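Student: In full-length UniProt numbering, the protein residues as written are 1 to 373. The beta carbon of each residue, even a glycine, is placed where N, CA and C say it ideally should be. Predicted model only: the values in this text are computed from it and were never measured.
#1: Quick check on residue 77: does DSSP put it in helix, strand or coil?
#2: Kindly identify the DSSP beta-bridge partner or partners of residue 154.
#3: Mind checking residue 156: buried by the 16 CB within 10 Å criterion, or exposed?
#4: Please report the straight-line C-alpha distance between residue 206 and residue 193, rounded to a whole angstrom.
#5: Once DSSP output is grouped into helix, strand and coil, what is the label at residue 179?
#6: Considering only their Cβ atoms, is the gap separating residue 232 from residue 217 smaller than 7 Å?
#7: Could you pull the DSSP bridge partners for residue 142 from this structure?
#8: Could you name the residues that DSSP lists as bridge partners for residue 209?
#9: As an exercise, report each continuous beta strand (DSSP E) stretch of at least 3 residues that is fully enclosed by the region 194 to 270, in chain order.
#10: Using alpha carbons as the reference points, say which of 153, 99, 90 and 95 lies closest to residue 331.
#11: So for residue 170, helix, strand or coil by DSSP?
#12: Secondary structure at residue 297, three-state DSSP: helix, strand or coil?
#13: With the cut-off set at 7 Å, would you say residue 80 and residue 291 are in Cβ contact?
#14: Check for me: the beta strand (DSSP E) holding residue 353 runs from which residue to which?
#15: If we count Cβ pairs, one from each stretch, closer than 8 Å, do we get three or more for the region 228 to 244 versus the region 115 to 132?
#16: Could you say if the region 263 to 272 and the region 131 to 143 meet the contact criterion of at least three C-beta pairs nearer than 8 Å?
#17: Does the Cβ of residue 25 lie closer than 6 Å to at least one heavy atom of the ligand GTP?
#18: Per DSSP, what are the beta-bridge partners of residue 35 in this structure?
#19: From residue 67 to residue 147, what distance separates their C-alpha atoms?
#20: Does DSSP classify residue 189 as helix, strand or coil?
#21: Taking one C-beta from the region 46 to 65 and one from the region 167 to 181 each time, how about it: are there three or more such pairs within less than 8 Å?
#22: In three-state DSSP terms, what is residue 28?
#23: For residue 41, does the three-state DSSP call read helix, strand or coil?
#24: Is it the case that the Cβ atoms of residue 295 and residue 282 are separated by a distance below 7 Å?
#25: Is residue 167 closer than 7 Å to residue 143 when the C-beta atoms are compared?
#26: Is the beta carbon of residue 316 closer than 7 Å to that of residue 33?
#27: How many angstroms separate the CA atom of residue 36 from the CA atom of residue 211?
#28: From residue 363 to residue 301, what does the alpha carbon distance come to, in whole angstroms?
#29: Using only CA atoms, which one of 57, 176 and 287 lies nearest to residue 76?
#30: Taking 7 Å as the cut-off, decide whether the C-beta atoms of residue 242 and residue 321 are in contact.
#31: Can you list, in chain order, the residues of its chain with a C-beta nearer than 6 Å to that of residue 335? Leave out the 5 residues immediately preceding and following it.
#32: Which one of 229, 62, 199 and 47 has the shortest CA to CA distance from residue 119?
#33: Look at residue 82 and residue 203 and say whether their C-beta atoms are less than 7 Å apart.
#34: Identify every residue that forms a DSSP beta bridge with residue 306.
#35: Under 8 Å Cβ to Cβ from residue 197, same chain only, skipping five residues before and after it: list those, please.
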């Protein structure tokens, strides 16, 4: 039985704490995708080393594709190089940069929903990716805080205890492998005026190029939402631009892309991350166990679902259910809730939502809100 054929849940006031049911039938769904159309590009911006936001793409890196056409083993990138001088961004900025983008788009304030293209939800792309990947990535729990302000529901991911523990107990090798992806970016991107990438300076994640998109998500019909669709405005970082100005994602993969890759949550996350912001070109650096890249290949995001064993429709069905529960819960200004997937309890028992006081979701500052109606 498909999800849309299941018995409907009657719309009644939501309790302070609810368990969100999960049905295994979702994996076989043939429902039309809950994101009915391609996402709409809204804007782009860069973040400087000093964490200042600048509208536009002028600081975006360019792809250096020289080695994309080289024979394997005719070059070598050492991804360990510079690990000791890695300069990562620190702390949790929450929604700070996304709110700053909204502020710069409307320096005089006004009606908030107009600035965000009449969207109902505002969040980072990473949150959408994480929720959408859940049904194939059952070991990765998450916690999302949500609050309704000025008629808009703001969402923010908060680290789970599990994730904090994992971070605290990271081995040197795990830290190194996390660095490898950033070092790979340095090897294959360059500034506009540069002939070659600058690979001797410390790798930093403090500079970013990001895009803003909007899309409509069809709500879960079983949950009797007042709306058939909800608009979501979201932003995410993109690695670089090719010579035609198209956005490109950069990834590393141990060994070749084989059958296991297409069954894994990794391939799904690559596809989600790219397709949510209309990136079609993914450049893959094939690395050894020791962190040496000696060949590159290109993937087309739009072709990935044909090779994969996962069902992207099922992913978006799940996302639709989560967003509809949040929509139904947060009906009034200041309403707030926390939705959590506790991976140790599994999908059947581990998805919970609870109402909380607005103070628990204080990630949208009053000084930001006071400019808007």
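Tutor: Once the coordinates are examined:
#1: In the structure shown, residue 77 adopts extended strand secondary structure according to DSSP, grouped into three states.
#2: Answer by DSSP bridge pairing, in chain order: 122 and 147.
#3: Answer is buried; the Cβ neighbour count reaches 16.
#4: Those two C-alpha atoms are separated by around 21 Å.
#5: Helix, per DSSP.
#6: A distance below 7 Å separates the beta carbons of residue 217 and residue 232.
#7: Paired residue(s): 341.
#8: According to DSSP, which records beta bridges pairwise, residue 209 is partnered with 46.
#9: Fully enclosed beta strand (DSSP E) runs of 3 or longer: 208 to 218, 229 to 237 and 247 to 254.
#10: When only C-alpha atoms are compared, the closest one is 153.
#11: Residue 170 falls in the coil class under three-state DSSP.
#12: Residue state, collapsed to three classes: strand.
#13: Between residue 80 and residue 291, the C-beta spacing is below 7 Å.
#14: First-last of the beta strand (DSSP E) with residue 353: 351 to 356.
#15: Yes: the two stretches touch, three or more of their Cβ pairs being nearer than 8 Å.
#16: Verdict: yes, contact present.
#17: Of ligands this structure carries none, so the ligand GTP is not represented either.
#18: 217.
#19: Near 47 Å, if we compare the C-alpha coordinates of residue 147 and residue 67.
#20: Here residue 189 sits in strand by DSSP.
#21: No, the region 46 to 65 does not touch the region 167 to 181.
#22: Here residue 28 sits in helix by DSSP.
#23: Looking at residue 41 - three-state DSSP - the assignment turns out to be strand.
#24: No.
#25: In this structure, residue 167 does not lie closer than 7 Å to residue 143 by Cβ.
#26: Closer than 7 Å, so yes.
#27: Their Cα atoms are separated by approximately 20 Å.
#28: Roughly 33 Å separates the two Cα atoms.
#29: Nearest C-alpha to residue 76 among 57, 176 and 287: 287.
#30: No Cβ-Cβ contact shorter than 7 Å links residue 242 with residue 321.
#31: Here residue 335 has 148 as same chain residues with Cβ atoms under 6 Å from its own Cβ, once five neighbours each way along the sequence are excluded.
#32: Nearest C-alpha to residue 119 among 229, 62, 199 and 47: 229.
#33: Contact: yes.
#34: None; residue 306 has no bridge partner.
#35: When the five nearest sequence neighbours on each side are left out, the beta carbons in the same chain lying within less than 8 Å of the beta carbon of residue 197 are those of 64, 186, 187, 188, 189 and 190, in order along the chain.
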